[in-house]
Amino acid sequence: MTSAFSPRRILVTGGCGFIGSNFVRWVVREQPGVHMTVLDKLTYAGNPENIAGLPADRVELVVGDICDAALVNRLVERADAVVHFAAESHNDNSIADPEPFVRTNVNGTYALIEACRKYDVRYHHVSTDEVYGDLALDDPARFTEETPYRPSSPYSSTKAASDMLVRAWVRTYGLRATISNCSNNYGPYQHVEKFIPRQITNILCGMRPVLYGDGRNVRDWIHVDDHSSALWEVLTCGRIGETYLVGADGERSNIEVLRAILHVMGRPEDEFDRVRDRPGHDRRYAIDPTKIRRELGWWPVHTDFEAGLAETIPWYRDNEPWWRPAKEETEAKYATQA
Ligand code: NAD
Ligand code: TDX
């Protein structure tokens, strides 16, 4: 779609994480002339290798905390847009210790929107479909922009809180903001704590995959490249004050996804362990993407989930040095949570 807003200097928070780094690489590839400053604390989930090798005149990394208001103010002042990815993003961690989620997801967002208000900078808030809670497996409905908020986990409740701050700042202060709520992302560079990379790397390590509960929980999968292209559309063409749901019609049960991974990796389809269910485990997420398609003409490219998965698996096989250091640490953390 034709751009209504053409940012030249973007502050990307969390740009060393999975989705933020994909967005940075996507913008370098697709949008010449745009400079990005990445602000990232480099927590366990942030890896500077995710943006290594990009041209220095296009991408600059500042290591710091989004809760540091003085730093945030300095960086926002010289940007013409902020795209905010930085978050504590993993549900299991939020159940074990919610404190960093409240701090980063709520207080960090507050610091950013206050700075954007002060310098009148365009702000885009990257959020999740989990703010809407869950749907029953047999419910014909999907989430829309009008679905009431009903978050279930410490993670999703802090994301919901941050969305609410943004909405209030739009209405009260006229903050030039948009929000997008996306479904489950997959693709290269996703941390090995998350479902798909955990199972792929378990198999690569000779360990059995682990399925929570009955495995019938449904997630709505989207390739991370499609999320990045959707974010660009919303940032440049989205209407101020609006929320856009992003999804690619990718509903699959966890057991279906796991069997697809086992199949592609040449393992028997029952070679996995069932383990204790996640407390409060959301049953089903599903996005109705009608609004972003109709208003912004955005459409996903990776419409075949099994093909996208079959392309993602070799990436992990070929990039063991990238994930190996995090693998042991992650499994040790899981062992304490079991
Ligand atoms: P991630 O955990 O891979 O990356 C998070 C990044 O934020 C890391 O680089 C980390 O170092 C950084 N960070 C954390 N705390 C910080 C702080 N206080 N200051 C500065 N940087 C900090 O997460 P992700 O999966 O890439 O998710 C990115 C965003 O997208 C999050 O806001 C998440 O809620 C949202 N989202 C994720 C998904 C998904 O499927 N992963 C789906 C929808 C929305
Ligand atoms: O080992 C596992 N076994 C398992 O069965 C893990 C890690 C997960 N699961 C299940 C739990 C979920 O039903 O797989 C599903 C996906 O789990 P996660 O990868 O932890 O994702 P989810 O909890 O759905 O949240 C993700 O999507 C929305 C992201 O982590 C969030 O950041 C995003 O907002």
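My numbering applies: residue 1036 is where the sequence shown begins, and numbers increase by one. Ideal placement from N, C-alpha and C gives every residue a C-beta, glycine not left out. Computed from a prediction, not measured in an experiment: that's the story for all the values here.
Minimum Cα-Cα distance from Glu1228 among the listed residues Arg1302, Trp1061, Val1245, Gly1241 corresponds to Val1245. Leaving aside the five residues that flank Arg1309 on each side, the residues in its chain whose CB is nearer than 6 Å to its CB run, in chain order, Leu1246. Beyond the five residues adjoining it in sequence on each side, Val1201 comes within less than 8 Å, by CB distance, of Thr1144, Ile1148, Tyr1158, His1160, Leu1210, Ala1212, Ile1214 in the same chain, given in chain order.
Boundaries of the alpha helix (DSSP H) around Glu1065: 1053-1065.
Val1063 is a Cβ neighbour of Arg1093, given a cutoff of 8 Å. Annotation for Thr1048 indicates a beta carbon within 7 Å of some heavy atom of the ligand NAD. The alpha helix (DSSP H) runs of length 4 or more contained entirely in the region 1242-1295 are, from start to end of the chain, 1259-1272.
Shortest Cα-Cα distance from Leu1077 to any of His1258, Val1097, Pro1067, Trp1061 involves Val1097. Per DSSP, Leu1331 is not a residue of any beta strand (DSSP E); the alpha helix (DSSP H) it occupies stretches across 1325-1331. Contact between Asn1289 and Asn1252 holds: CB atoms are separated by about 5 Å, below the 8 Å threshold. For Thr1163, the enclosing beta strand (DSSP E) begins and ends at 1157-1163.
Our two residues, Phe1058 and His1258, have alpha carbons roughly 12 Å apart in a direct line. A direct Cα-to-Cα measurement between Thr1347 and His1262 gives close to 16 Å. The region 1105-1123 and the region 1166-1180 do not touch, with fewer than 3 CB-CB distances between them shorter than 8 Å. Assignment of beta-bridge partners to Asn1220 by DSSP yields Ile1257. From the listed residues Arg1318, Thr1365, Val1047, Ile1101, the smallest Cα separation to Gly1248 is found for Arg1318. For Asp1075, the distance from the CB to the nearest heavy atom of the ligand NAD is below 7 Å. Segment contact: the region 1113-1121 against the region 1038-1056, three or more CB-CB distances shorter than 8 Å; contact assigned.
Taking a cut-off of 8 Å for Cβ pairs, the region 1316-1331 and the region 1282-1301 touch, as three or more such pairs fall below it.
Contiguous beta strand (DSSP E) elements confined to the region 1114-1145 occur at 1116-1119, taking only those with 3 or more residues.
One thing to note: Leu1110 has its Cβ within 8 Å of the Cβ of Thr1072. Bounds of the beta strand (DSSP E) holding Arg1309 are 1308-1310.
With a threshold of 16 other beta carbon atoms within 10 Å, Ala1265 meets it and is buried. For Arg1044, the uninterrupted beta strand (DSSP E) segment begins and ends at 1044-1048. In this chain, the beta strand (DSSP E) harbouring Val1073 covers 1070-1075. Judged by DSSP in its simplified three-state form, Ser1215 adopts strand. For Cys1217, the shortest separation between its Cβ and any heavy atom of the ligand NAD lies below 7 Å.
Beta-bridge annotation (DSSP): Arg1319 is paired with Val1253.
Here the residues close to the ligand TDX, judged by CB distance below 6 Å to any of its heavy atoms, are Ser1124, His1125, Asn1126, Thr1163, Glu1165, Asn1219, Lys1229, Phe1230, Arg1233, Val1245, Leu1246, Tyr1247, Asn1252, Arg1254, Asn1289, Arg1313 in chain order. Residue state for Glu1095 is assigned as strand, using DSSP reduced to three classes.
In the three-state reduction of the DSSP assignment, Phe1040 falls in the coil class. For Tyr1079, no alpha helix (DSSP H) run applies, since DSSP gives it neither H nor E.
The continuous alpha helix (DSSP H) containing Asn1237 extends over residues 1230-1239. Spatial neighbours of Tyr1224 in its own chain (CB-CB distance under 7 Å, excluding positions within 5 residues in sequence) are listed in chain order as Phe1053, Ser1056, Asn1057, Asn1085.
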